[in-house]
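Trainee:
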Amino acid sequence: MILHLIRHPRPLVAPGICYGALDVPAEDTAAVAATLLAELPPGLPLWSSPLQRCRDLALRLHPQPVFDARLQEMHFGEWEGRSW
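What the sequence shown shows, in our numbering, is residues 55 to 138, in sequence order.
#1: Name the two residues that bound the continuous alpha helix (DSSP H) containing R136.
#2: Excluding the 5 residues flanking L66 on each side, which residues of the same chain have their C-beta closer than 7 Å to its C-beta?
#3: What are the partner residues of A112, as DSSP defines its beta bridges?
#4: Nearest-angstrom Cα distance between L98 and A85?
#5: Taking the C-alpha atoms as reference points, what is the distance between L105 and L94?
#6: Give me the Cα-Cα distance between L113 and R61, rounded to the nearest whole angstrom.
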């Protein structure tokens, strides 16, 4: 079995901000999706975090991705949304 792991594009958040589970968008997902679609075998199932930065890319890669909250990035508690 081959498992393909794909990371979302760079989040649109100021440098040094601990964004963890914050639902922030990512840079242009269209360009990343176009590259990935050319490289990945067709018909693969896709599971994704429901966070916007992941969700946007997943919807460009698959007509019916499965969104699973267990794939969300961890919450950084008091540090969430703060600078390092």
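Beta carbons: idealized from backbone N, C-alpha and C, even for Gly.
Values in this document were obtained by computation on a predicted structure and should not be read as measured data.
Mentor: Answer, in terms of the structure:
#1: Neither: R136 is in no alpha helix (DSSP H) and is coded neither H nor E.
#2: V78, P79, A80, E81
#3: In the DSSP output, where bridge partners are listed per residue, A112 has none listed.
#4: 19 Å
#5: Straight-line measurement puts the Cα of L94 at about 22 Å from the Cα of L105.
#6: Each residue's alpha carbon lies about 14 Å from the other.
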